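Residue numbers (the working numbering): 1 to 250.
For each residue, glycine too, the CB sits at the ideal point set by N, CA and C.
Remember, it's a predicted structure, so these values are computed and weren't measured experimentally.
Below: the structure, in structure tokens.
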Amino acid sequence: MVKIAFQEVTKQYPGSNNPAVDAVTFDVQEGSICMLLGTSGSGKTTLLRMVNRLIEPTSGKILIDGHNILQEDPIALRRRIGYVIQQVGLFPHMNIAENIRVTAQITGWSKPRMAERVDELLRLVDMDPAQYRARFPRQLSGGQQQRIGLARALTIDPAILLMDEPFGALDAITRERMQGELLRIQRGVRKTILFVTHDVEEAFRIGDQIAVMSEGKLVQIGTPIEILLHPANEFVNKLVGADNMLRQLQ
């Protein structure tokens with residue numbers, strides 16, 4: 001079932017000769033992880049941020065469950081979509097429990113229900129509630145802070161998660177560990193995830209589907225194995241290192 005549909009989506013900034021996103025069309029299936037892969041300036045983050053209307057498209061449509069998001073109140077839309085970025089944005093003066101329940105305050109939940117949800121989410125991201133709920137962000141490692149950022153994005157159980165280079169600032173070992181954690185969590189929650197990355201290995205490790213972008217255009221969309229075996233052109237072939245990967249597999 002299609003969860004998100006991009007239909008000829010374009011973003012043209014005033015004064016720019018070329019669109020940041022140029023007539024992009026593809027579907028994202030419900031419960032899947034779709035990687036937006038490309039080099040810097042390819043339009044992947046702009047496309048992602050149009051889903052929660054932090055950036056408004058110039059033309060085209062974005063449908064969620066068949067409904068045009070441009071006909072929905074932006075605030076109401078954002079309450080249904082989780083958002084995780086590289087700069088986690090935890091409030092330094094709040095402890096971990098307070099940071100997680102920030103987004104729950106719009107729900108009208110009781111304090112006991114919010115406390116229960118905080119503990120549920122800490123367990124989900126493999127952090128003992130008794131050990132971590134009263135700590136402050138400065139007392140956590142980079143990887144732990146990203147786990148809290150993910151927990152906070154899941155607080156009100158959104159159907160869609162937008163993730164913009166969430167592990168980009170982490171060291172290689174922690175980054176790989178967090179990729180594995182995301183896959184573990186996804187097996188339990190089955191969210192529809194749009195994930196921006198410039199890291200080819202990350203895209204192939206995490207993605208059910210990869211959308212390759214270049215200069216604002218969608219160059220290829222497919223499963224990791226489809227893109228590896230049948231790159232659309234020389235750009236995709238070089239970007240993903242298809243020849244090297246195939247030699248390694250052989």
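Exercise. Is there contact here, the region 6 to 20 with the region 181 to 191, by at least three beta-carbon pairs under 8 Å?
Worked result: Under the Cβ criterion (8 Å, minimum of three pairs), the region 6 to 20 does not count as touching the region 181 to 191.
Problem set entry | Host beta strand (DSSP E) of I33 (start-end) | It spans 33 to 37 - the beta strand (DSSP E) in which I33 sits, taken as one unbroken run.
Problem set entry | Beta-carbon gap between A211 and M50 smaller than 8 Å | The answer is no: Cβ separation not under 8 Å.
For this session: Taking F26 as the reference, give the member of L140, A153, L63 with the closest Cα.
Result: Among L140, A153, L63, the Cα nearest to that of F26 is on L63.
Exercise. Quick one: what does DSSP say D65 is sitting in, helix, strand or coil?
Worked result: Three-state DSSP puts D65 in coil, outside helix and strand.
Exercise. By the 10 Å Cβ neighbour count, where 16 or more other Cβ atoms means buried, how is S141 classified, buried or exposed?
Worked result: Exposed, since its Cβ has fewer than 16 Cβ neighbours within 10 Å.
For this session: For A104, I'd like the list of residues in its chain whose CB is within less than 7 Å of its CB, leaving aside the five on either flank, ordered along the chain.
Result: Counting only residues of its own chain and dropping the five nearest sequence neighbours on each side, A104 has a CB closer than 7 Å to the CB of M114, R117, T155, I156.
Exercise. Are V240 and V219 close, meaning C-beta to C-beta below 8 Å?
Worked result: Contact: no.
Exercise. If you count every other CB in all the chains shown that lies within 10 Å of the CB of Q250, and 16 or more means buried, which is it?
Worked result: Model confidence at Q250 stands at a pLDDT of 45, short of 50, so the residue's coordinates are unreliable and nothing is read from them.
Exercise. To the nearest angstrom, how far is it from the Cα of T10 to the Cα of E56?
Worked result: If you draw a straight line from the Cα of T10 to the Cα of E56, it comes to about 9 Å.
Exercise. Should the region 214 to 230 be called in touch with the region 92 to 100, which here means at least 3 C-beta pairs below 8 Å?
Worked result: The region 214 to 230, when compared against the region 92 to 100, does not touch it at the 8 Å Cβ threshold.
For this session: Could you please give me the residues that DSSP links to G216 through a beta bridge?
Result: Bridge pairing for G216: absent [DSSP].
Exercise. Which term fits D164, buried or exposed, when burial requires 16 or more other beta carbons within 10 angstroms of its beta carbon?
Worked result: Label assigned to D164: buried.
Exercise. Under three-state DSSP, which class holds V189?
Worked result: DSSP places V189 in helix when its eight states are reduced to three.
For this session: Could you pull out every unbroken alpha helix (DSSP H) segment of at least 4 residues lying fully inside the region 105 to 146, listed in chain order?
Result: Those alpha helix (DSSP H) runs which fall completely within the region 105 to 146 and span 4+ residues are 111 to 124, 129 to 132.
Problem set entry | Beta carbon of L121 nearer than 8 Å to that of L162 | It is not a contact, given that the beta carbons lie outside the stated cut-off.
Exercise. Could you give the distance in angstroms between the alpha-carbon of G143 and the alpha-carbon of E30?
Worked result: One C-alpha to the other measures close to 27 Å.
For this session: Along the beta strand (DSSP E) that carries V102, what are the first and last residues, could you check?
Result: Segment: none, V102 is in no beta strand (DSSP E) and carries neither H nor E.
Exercise. Given a threshold of 16 other Cβ atoms within 10 Å of its Cβ, counted over all protein chains shown, does K238 qualify as buried or as exposed?
Worked result: Around the CB of K238, fewer than 16 other CB atoms lie within 10 Å, so the residue is classed as exposed.
Problem set entry | Length of the line joining the Cα atoms of P74 and K3 | A straight-line Cα-Cα distance of about 18 Å links P74 and K3.
Problem set entry | Simplified DSSP state of E30, which is helix, strand or coil | Looking at E30 - three-state DSSP - the assignment turns out to be coil, as it is neither helix nor strand.
Problem set entry | N233 burial status per 10 Å Cβ neighbour count (16 or more: buried) | Burial state of N233 is exposed, judged by a 10 Å Cβ sphere holding fewer than 16 other Cβ atoms.
For this session: Would you check if the distance between the CB atom of E8 and the CB atom of G82 is smaller than 8 Å?
Result: G82 is positioned such that its CB atom lies no closer than 8 Å to that of E8.
Exercise. What number of angstroms, rounded off, separates the C-alpha of P158 from the C-alpha of K217?
Worked result: P158 and K217: Cα-Cα distance of roughly 28 Å.
For this session: Measure from the alpha carbon of R138 to the alpha carbon of each residue in P129, I185, V88, V102, then state which is nearest.
Result: In terms of Cα proximity to R138, the closest of P129, I185, V88, V102 is V88.
Exercise. Of the residues E72, I100, D171, which one's Cα is nearest the Cα of R123?
Worked result: For the residues E72, I100, D171, the minimum Cα distance to R123 belongs to I100.
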